[in-house]
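S.K.: Taken in order, the sequence shown gives residues 1 to 185; the numbers are from our numbering. Ideal Cβ positions, reconstructed from N, Cα and C, are used throughout, including at glycine. Keep in mind the model is a prediction, meaning the values are calculated, not measured.
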Amino acid sequence: MIVFFGPAGAGKSVQGQILAARHGWRWLSAGQLLRDTHDGELIHRMQSGELVPVETINGLMGEALNKAKDINGVILDGYPRQLEQAKWLIESRSHHGKDVKLVIVLEVPRDEILERLRVRGRVDDTPEAIDKRLSIYRGEIYPMLNYLNDNGVPIVHMSGVGTVGQVHDEIERELVSRGIVEGVK
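(1) When you compare each of Gly-73, Pro-7, Ala-20, Gly-40 to Lys-98 by their alpha carbons, which one comes out closest?
(2) Output the residue ranges of the beta strand (DSSP E) runs that lie fully inside the stretch 95 to 174 and measure 3 residues or longer, sorted by chain position.
(3) Identify the continuous alpha helix (DSSP H) that holds Ile-71 and give its terminal residues.
(4) By the 10 Å Cβ neighbour count, where 16 or more other Cβ atoms means buried, how is His-157 classified, buried or exposed?
(5) Among residues of its own chain, excluding the 5 on either side of Gln-82, which ones have a beta-carbon nearer than 8 Å to its beta-carbon?
(6) According to DSSP, simplified to helix, strand and coil, what is Trp-186?
(7) Can you name, in chain order, every residue of its own chain whose Cβ lies under 6 Å from the Cβ of Leu-19, other than the five neighbours on each side?
(8) Which whole-angstrom value is the C-beta distance of Asn-146 and Ile-90, which I expect to be below 8 Å?
(9) How would you label Ala-21, buried or exposed, when you count the other beta carbons within 10 angstroms and need 16 or more for buried?
(10) Which stretch, first to last residue, makes up the beta strand (DSSP E) that contains Ile-2?
(11) Please classify Ser-29 as buried or exposed, where buried requires at least 16 other C-beta atoms within 10 Å of its C-beta.
(12) List the whole-angstrom C-beta distance separating Ser-92 from Gly-59, where the pair is believed to meet the contact cut-off of C-beta under 8 Å.
(13) From Glu-84, Leu-175, His-96, pick the residue whose C-alpha is nearest to that of Ala-68; which is it?
(14) Assuming the contact rule is C-beta atoms closer than 8 Å, Ala-86 and Leu-134 should be a hit. Round their C-beta distance to whole Å, please.
(15) Leaving out the 5 sequence neighbours to the left and right, which residues in its chain are closer than 7 Å to Gln-47 when beta-carbon positions are compared?
(16) Could you check if Val-119 is buried or exposed, using at least 16 other CB atoms within 10 Å of its CB as the buried criterion?
(17) Specify the secondary structure class of Arg-45 as computed by DSSP and reduced to three states.
(18) Straight-line CA distance for Trp-88 to Gly-121?
(19) Would you say Pro-154 and Leu-106 are within 7 Å of each other, going by their C-beta atoms?
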């Protein structure tokens, strides 16, 4: 399992979907799982930049991971977002059968994020919600990274700036160098 971290607009979804398509893996987006619930309260919380209850997202992710048990590779996008979620992911691996092989943290400056999200034009991408999500992200990422590192999960920080292809090539090189995928011959 590969986990993508990065603020909204860092390119997690695009890169995750490309990797999934290229390698026949399953892409699981926490945001998409929440939107697919069609639960008005959850969607409102997400649109305002708030985090949804830990139990709710853990339950949705657990169901999705169980459905992906027979898939060779899984990419998590936007999950975990809180320390409790990271703990659940590591502690529940006996249930879903997936180890975290690598965490990729996509680093993108705020101005670039604001521009990307303006172009994306999703309803929950208001400047206020974006700043709220960035603040929450900054407060939550370091405890999660420390916990994952303490549990032997490799973590790499990469620039998310450049063309989609340039960023993807960097990610692929990292996966090859770690033996997660084979290089092109």
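M.R.: To lay it out plainly:
(1) Nearest option by C-alpha distance: Gly-73.
(2) Counting whole runs of 3 or more residues, the stretch 95 to 174 contains the beta strand (DSSP E) stretches 102 to 107, 155 to 159.
(3) Premise fails: Ile-71 is in no alpha helix (DSSP H) and is neither H nor E.
(4) With fewer than 16 other Cβ atoms within 10 Å, it is exposed.
(5) Once the five neighbours on either side are set aside, the close Cβ partners of Gln-82 are Leu-51, Val-54, Glu-140, Met-144.
(6) The requested residue 186 does not occur in the structure, where the chain is confined to residues 1 to 185.
(7) So the list reads Ile-75, once near-sequence residues are dropped.
(8) Distance from Asn-146 to Ile-90 at the Cβ level is roughly 13 Å; contact not present, criterion being Cβ atoms closer than 8 Å.
(9) A residue is called buried once 16 or more other Cβ atoms fall within 10 Å of its Cβ, and Ala-21, having fewer, is exposed.
(10) 2 to 5 is the extent of the beta strand (DSSP E) around Ile-2.
(11) So Ser-29 ends up on the buried side.
(12) No, Ser-92 and Gly-59 are not in contact; Cβ-Cβ is about 11 Å, not under 8 Å.
(13) Selected option, being the one with the closest Cα: His-96.
(14) Cβ atoms of Ala-86 and Leu-134 stay farther apart than 8 Å, at about 19 Å.
(15) Result list for Gln-47: Val-123, Asp-124, Ala-129, in chain order.
(16) Exposed is the call here.
(17) Residue state, collapsed to three classes: helix.
(18) For Trp-88 and Gly-121, the distance between alpha carbons rounds to 32 Å.
(19) Not a contact, by the Cβ cut-off of 7 Å.
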